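In what follows, a single structure is set out as structure tokens and then discussed.
In UniProt numbering, the protein residues as written are 1 to 299.
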């Protein structure tokens, strides 16, 4: 019979180091059934992922991808796919770096290619010419560029785009919720419920008092309210719609064409404003100049 192992000595307690707390993000994509990707519509810059010869599809066509996907996001002229293993595949227009990968080979932007990011990604979001990714450990990476009516304005620095993922410098990890891209701006929600935003805010769509673009994430104080937490955001071209934990929907930003849902004669808003006459809301979404809300009972 083997001899008894000697009893282990109790280690001398050491003073705990104040190292970073490890966290693991749980995102709704984890509960999504992996599947195939089908695309249709206009494909003149490769946003359908079907190759450089396909300019348009009127019926859904299967995109060739190496694994099953759990999330797909359509940007202005590019598409972002997230696989069940946490890898990102992109295709479409890469003029300002929205694909986050090298497309110097002719036609390589018109078919799916992987974004080189070592971290496991749990959620992606696509803007007009930029992309954001949330990793399992709560970090946010972005690439591409923001734009305004005059063209490129830059991403994290004025007039400077990024063709590869760059980590956002936030004071707290982004967990449990999301990173949300509008056309030219991005929101992120931290574990403590703080809302950060950066990008174009020429109509106060970020909730800033001024209208200058923000090239670094700003802690947006207009969203601070101790009675509720924010569970969903969606950005259009110049407006934002959001929903809180109590099922109330809010809007802010540009008001023309009724996109805020606040009635005729509404003016632009720099703070979240309750959208009246809505039932309890579970999710919201924006088009360029429209807003949508889904009620808790599915309407």
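C-beta atoms are modelled at their ideal positions from N, C-alpha and C, and glycine is treated no differently. The model shown is predicted, which means the values in this text are computed figures rather than measured ones.
Point to revise | Local Cβ density within 10 Å of residue 177, reported as buried at 16 or more and exposed below that | key: Here residue 177 refers to the residue found at position 177 of the chain shown. With a pLDDT of 43 at residue 177, under the threshold of 50, the modelled position of this residue cannot be trusted, and the question is left open.
Practice item. Keeping to the same chain, check which residues put their C-beta closer than 8 Å to that of residue 229; ignore five residues upstream and five downstream. Key: For the purposes of this step, residue 229 is identified with residue 229 of the chain shown, where counting begins at 1. Within the same chain, 193, 244 and 245 come within 8 Å of residue 229 by CB-CB distance, once the 5 residues on both sides are set aside.
Exercise for review: Counting only the same chain and skipping the five closest in sequence on each side, list residues whose C-beta sits under 8 Å from that of residue 264.
Suggested key: Sequence index remark: in the chain shown, residue 264 carries index 264 (1-based). Same-chain partners within the cutoff: 258.
Review point. Cα-Cα, which of 140, 253, 94 and 219 is closest to residue 173?
Key: As a working mapping, residue 173 is identified with position 173 in the chain shown. The option with the nearest alpha carbon to residue 173 is 140.
Check your understanding: Going along the chain, which residues of its own chain have a beta-carbon closer than 7 Å to the beta-carbon of residue 280, five neighbours each way excluded?
Key -> Walking along the chain shown from the start, residue 280 turns up at place 280. These residues qualify, in order along the chain: 247, 295 and 296.
Point to revise | Cα-Cα separation, residue 155 to residue 197 | key: Residue 155 sits at position 155 when you count from the first residue of the chain shown. Residue 197 sits at position 197 when you count from the first residue of the chain shown. CA-CA distance, residue 155 to residue 197, rounds to 12 Å.
Exercise for review: Within its chain, find whatever has a CB closer than 8 Å to the CB of residue 287; leave out the 5 residues flanking it on each side and keep chain order.
Suggested key: Counting from 1 along the chain shown, the entry for residue 287 is found at position 287. A distance below 8 Å between beta-carbons, with the five flanking residues on each side excluded, links residue 287 to the following residues of its chain, in chain order: 236.
Practice item. Determine the contact status of residue 207 and residue 272, defining contact as a CB-CB distance below 8 Å. Key: Along the chain shown, read from residue 1 onward, the residue named residue 207 stands at position 207. Along the chain shown, read from residue 1 onward, the residue named residue 272 stands at position 272. A contact, by the Cβ cut-off of 8 Å.
Review point. Count the other CB atoms within 10 Å of the CB of residue 203; is the residue buried (16 or more) or exposed (fewer)?
Key: Here residue 203 refers to the residue found at position 203 when the chain shown is read from its first residue. For residue 203, the number of other beta carbons within 10 angstroms of its own is at least 16, and it is reported as buried.
Practice item. Would you check if there are 3 or more beta carbon pairs closer than 8 Å linking the region 62-70 to the region 93-100? Key: Note that the region 62-70 does not touch the region 93-100; fewer than 3 beta-carbon pairs, one per stretch, sit closer than 8 Å.
**Study point:** Whether residue 36 touches residue 57 by CB criterion (8 Å)
**Key:** Within the chain shown, residue 36 is the residue found at index 36, counting from 1. Within the chain shown, residue 57 is the residue found at index 57, counting from 1. Note that the C-beta distance between residue 36 and residue 57 is not below 8 Å.
Practice item. Whole angstroms is fine: what's the gap from residue 17's alpha carbon to residue 118's? Key: As a position in the chain shown, residue 17 is number 17, starting the count at 1. As a position in the chain shown, residue 118 is number 118, starting the count at 1. For residue 17, the predicted model reports a pLDDT of 44, less than 50, meaning its position is unreliable and no value from the coordinates is stated.
Review point. Excluding sequence positions up to five away, which residues of its chain have a Cβ less than 6 Å from the Cβ of residue 148?
Key: On the chain shown, position 148 is the one that residue 148 refers to. Closer than 6 Å at Cβ, skipping near neighbours: 200.
Review point. Taking just the CA atoms, how far does residue 104 sit from residue 110?
Key: Here residue 110 corresponds to residue number 110 of the chain shown, with the count starting at 1. Here residue 104 corresponds to residue number 104 of the chain shown, with the count starting at 1. Rounded to the nearest angstrom, the two C-alpha atoms are 12 Å apart.
Exercise for review: Less than 8 Å between the CB atoms is what I'm expecting for residue 136 and residue 114, so what's the real figure, rounded?
Suggested key: The residue labelled residue 136 in the question sits at position 136 within the chain shown. The residue labelled residue 114 in the question sits at position 114 within the chain shown. Taking the Cβ atoms as the reference, residue 136 lies roughly 17 Å from residue 114, outside the contact range of under 8 Å.
Check your understanding: Who pairs with residue 250 in a beta bridge, going by DSSP?
Key -> Residue 250 sits at position 250 when you count from the first residue of the chain shown. In the DSSP output, where bridge partners are listed per residue, residue 250 has 242 and 274.
Review point. Can the beta-carbon of residue 73 be found closer than 8 Å to that of residue 80?
Key: Looking up residue 73 in the chain shown gives position 73. Looking up residue 80 in the chain shown gives position 80. Result yes, Cβ atoms of residue 73 and residue 80 sit closer than 8 Å.
Check your understanding: According to DSSP, is residue 224 helix, strand or coil?
Key -> Residue mapping note: residue 224 aligns to position 224 of the chain shown, counting from 1. In the three-state reduction of the DSSP assignment, residue 224 falls in the coil class.
Review point. Quick one: Cα of residue 285 to Cα of residue 225, how far?
Key: In the chain shown, residue 285 corresponds to position 285, counting from 1. In the chain shown, residue 225 corresponds to position 225, counting from 1. Approximately 22 Å between the Cα atoms of the pair.
Exercise for review: May I ask you to list the residues that DSSP assigns as paired with residue 198?
Suggested key: Counted from its first residue, the chain shown places residue 198 at position 198. For residue 198, which the question treats as bridged, DSSP gives the partners 186.
Check your understanding: Assuming residue 182 contacts residue 205 under a Cβ cut-off of 8 Å, what Cβ separation, rounded to an integer in Å, is found between them?
Key -> Position 182 of the chain shown holds residue 182. Position 205 of the chain shown holds residue 205. Confirmed, Cβ separation roughly 6 Å.
Exercise for review: Using the Cα positions of residue 218 and residue 53, report the straight-line distance between them to the nearest angstrom.
Suggested key: Within the chain shown, numbered from 1, the residue matching residue 218 stands at position 218. Within the chain shown, numbered from 1, the residue matching residue 53 stands at position 53. Cα to Cα, the separation comes out at about 43 Å.
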